[in-house]
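Residue numbers (my numbering): -2 to 254.
Taking it in order: structure first as structure tokens, then the write-up.
This is how it looks when you write it as structure tokens:
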């Protein structure tokens, strides 16, 4: 059962947040959106034991339960926070959490049924062929030595709606894209951008390594320029329909063009 509103208000202000992580918004049911900086993991790596100081929360994480757990100062019972989605460590922006196990399961079901709208911004090298496109690719996942890499051809279908926000002129070296994934495949946006000759700036797996070196030598922030800017959806809870929406403005370094 959800915590009383007065307890939830205190709960969100007492989270053991990781470096640079902030609470964007939360509702009366126990659902919240956090803003994660680039370089912070959604949860500790599997091989790490105990608390990860570079994760979303500086608290113990249970992979099986997909939740963080800690005991607040002066408390006799542990507090728990369920992780609802993930972002690559190099990706910044909106990430969802819940303070209630049943609510967490309900929102995860919405993700499975593609009822959650997510909007990203990406700074890429190059110029899209058209200002608006629907990207469709078959993606396959390969795992080797604990590392994940995604390629095209076979696997499962991935769809993304792309819109050019800035740049995009013929011959332009950089373009800022709005990317709205309609599916939730691992590394989907990074692979689809690279497949079209539009590698995301700073992507050290699928990107243009020479272009990245030149870009960073010019003094730009050393990060991958992919940002989860907006998440929104409607959900049913305790007999009522609720609307949830969260926005995380892109960092200053995205305003290069």
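Here a beta-carbon is modelled for each residue, glycine too, at the ideal position from N, C-alpha and C.
This one's a predicted model, so the numbers in the text were calculated from it and none came from an experiment.
Go through its chain and collect everything with a Cβ distance to residue 227's Cβ below 6 Å, but skip five positions before and after it.
-> 116 and 244, listed in sequence order.
8 Å contact criterion, which residue 21 and residue 32 should meet: CB distance rounded = Beta-carbon to beta-carbon, residue 21 and residue 32 are separated by about 5 Å, close enough to satisfy the 8 Å threshold.
Give a yes or no on whether the C-beta atoms belonging to residue 53 and residue 18 are separated by under 9 Å.
-> With contacts defined by Cβ atoms closer than 9 Å, residue 53 and residue 18 form a contacting pair.
Specify whether the segment 213 to 228 and the segment 137 to 155 touch according to this definition: at least 3 beta carbon pairs, one from each stretch, less than 8 Å apart.
-> No, they do not touch.
Can you list, in chain order, the residues of its chain whose CB lies under 8 Å from that of residue 83, leaving out five sequence neighbours each side?
-> Only 39, 40 and 92 meet the Cβ criterion.
In angstroms with no decimal places, state the Cα-to-Cα distance between residue 56 and residue 13.
-> Taken atom to atom, the span from the alpha-carbon of residue 56 to that of residue 13 is near 7 Å.
What residues match up with residue 171 in a beta bridge as DSSP calls it?
-> Residue pairing for residue 171: DSSP places it in a beta bridge opposite 122.
Cβ-based neighbour list, residue 68, same chain, cut-off 8 Å, excluding 5 preceding and 5 following | Within the same chain, and ignoring the five residues on either side of residue 68 in sequence, the residues whose Cβ sits closer than 8 Å to its Cβ are 74, 75 and 76.
Secondary structure at residue 4, three-state DSSP: helix, strand or coil?
-> Assignment of residue 4 by DSSP, reduced to helix, strand and coil, places it in the helix class.
Minimum C-alpha distance to residue 42 - residue among 63, 186, 208 and 246 | Ranking the options by Cα distance to residue 42, first place goes to 63.
Look at residue 231 and residue 112 and say whether their C-beta atoms are less than 9 Å apart.
-> Yes. Within cutoff.
Would DSSP call residue 222 helix, strand or coil?
-> It is coil, neither helix nor strand.
Could you check the C-alpha separation between residue 210 and residue 120 for me, to the nearest Å?
-> Their Cα atoms are separated by approximately 15 Å.
So residue 147 is in the beta strand (DSSP E); what residue range does that whole segment cover?
-> First-last of the beta strand (DSSP E) with residue 147: 144 to 149.
Enumerate in chain order the residues of its own chain whose CB-to-CB distance from residue 1 is below 7 Å, with the five nearest sequence positions on each side excluded.
-> Reliability fails at residue 1, whose pLDDT of 49 lies under 50, so the model's placement of it is uncertain and the value that follows must be treated cautiously. Cβ within range, chain order: n/a, list empty.
Which residues in the same chain as residue 95 place their Cβ atom closer than 8 Å to its Cβ, once the five residues preceding and following it in sequence are excluded?
-> Contacts found: 27, 28, 29, 78, 79, 81, 101 and 104.
Give the DSSP bridge partners of residue 114, in chain order.
-> 229.
Just tell me which of 174, 86 and 137 has its CA closest to the CA of residue 128.
-> Taking only the C-alpha atoms, the option nearest residue 128 is 174.
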